[in-house]
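Numbering (my numbering), first residue to last: 53 to 347.
Everything below concerns the one structure shown next.
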């Protein structure tokens, strides 16, 4: 089982291009597997497609990942953008498709109803995968339609895999049906292991399959004690757990937390500082030594 570790760049790099470019260089130099740019529209974060395109041209090894919000985007245009990025980067794109945060400002930016997002996601993935396969596609759904559309540009990866997240029963069933990997956040190793069993059982019933190495976790860490504001935020989202159950404190704590997930069969990790660091490149260098990064 190949353990791979990437880093998600959140707030703090959007207003400082040098900080973002320094992080790209540091991740590549230190042997991290991938750079991830989360997609939160109404927040001080970078646009993932543009940011990853910049990183792709700057470094030739680093993989390029995003927690990409699908509902609200035109799937045909998005399919071409992502195919272009994967093609020009030499097949380095990693996709985790999400429906977006259930916040009023995010829903307004997406111009979608919260209840429509999962159906929009499924329709979009159907269209995008058909176009990536080189098909001449005609489709009419509840939210999207296309008539005899074909893309001249297709991804280098065949297939360009799409992972999903989510931990509620419907999300697990959806991942089993249409996902090629699963990567949740804010969960314990025991919860992740139990959910994986559900996904694998649902996949068997649906006649699908998810590779055993396509299970990962998003993990946040702090470089010391958990700040009060971070604790409050986590426990508001997961009131049934302590912040310590889902957040790694300190470099040794991060390694221990990852090892607990490895022990239950998870091998792909996206880590991020729970609070915006003074220097992103210094933050990832501080933890690199205990992670035994594989290049």
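From the three backbone atoms N, C-alpha and C, an ideal C-beta is built for every residue, glycine too.
In this text the structure is predicted, and so the values were computed from the model without any measurement.
- Distances from the CA of residue 332 to each of 300, 234 and 62 were compared; the closest alpha carbon is that of 62.
- When Cβ pairs closer than 8 Å are counted between the two stretches, the region 164-175 is seen to touch the region 195-215, the count reaching three or more.
- Under the criterion of beta carbons closer than 8 Å, residue 237 and residue 214 do not qualify as touching, at roughly 17 Å.
- According to the DSSP assignment, residue 255 belongs to the alpha helix (DSSP H) that extends over 241-258.
- When the alpha-carbon of residue 251 is set against those of 134, 100, 105 and 223, the nearest one is in 223.
- Ranked by Cα distance from residue 150, the first of 143, 132 and 172 is 172.
- In chain order, 110, 111 and 333 place their CB closer than 8 Å to the CB of residue 77, counting only its own chain and leaving out the 5 sequence neighbours on each side.
- With respect to residue 66, residue 106 sits apart: the two C-beta atoms are not nearer than 8 Å.
- Counting along the chain, residue 178 sits inside the alpha helix (DSSP H) bounded by residues 169-184.
- Beta-bridge analysis with DSSP links residue 60 to 88.
- Of the candidates 264, 239, 253 and 216, 239 places its Cα closest to the Cα of residue 292.
- Between residue 299 and residue 57, the gap from beta carbon to beta carbon reaches 8 Å or more.
- Looking at 137, 131, 152 and 146, the one whose alpha-carbon comes closest to that of residue 123 is 152.
- With fewer than three CB-CB distances shorter than 8 Å, the region 113-121 does not count as touching the region 183-192.
- A straight-line Cα-Cα distance of about 43 Å links residue 185 and residue 287.
- When DSSP states are grouped into helix, strand and coil, residue 190 belongs to the strand group.
- With respect to residue 268, residue 320 sits close: the two C-beta atoms are nearer than 8 Å.
- Annotated three-state conformation of residue 320 is strand, per DSSP.
- A distance of 8 Å or more separates the beta carbons of residue 336 and residue 148.
- The Cβ atoms of residue 161 and residue 93 lie closer than 8 Å to each other.
- Of 318, 179, 80 and 324, the smallest CA-CA separation from residue 200 is found for 179.
- Around the beta carbon of residue 102, a 10 Å sphere encloses fewer than 16 other beta carbons of the protein chains shown; the residue is thus reported as exposed.
- Per the C-alpha coordinates, the member of 294, 64, 277 and 261 positioned closest to residue 302 is 277.
- Secondary structure at residue 325: strand, using DSSP grouped into helix, strand and coil.
- Here DSSP, grouped into helix, strand and coil, assigns residue 284 to helix.
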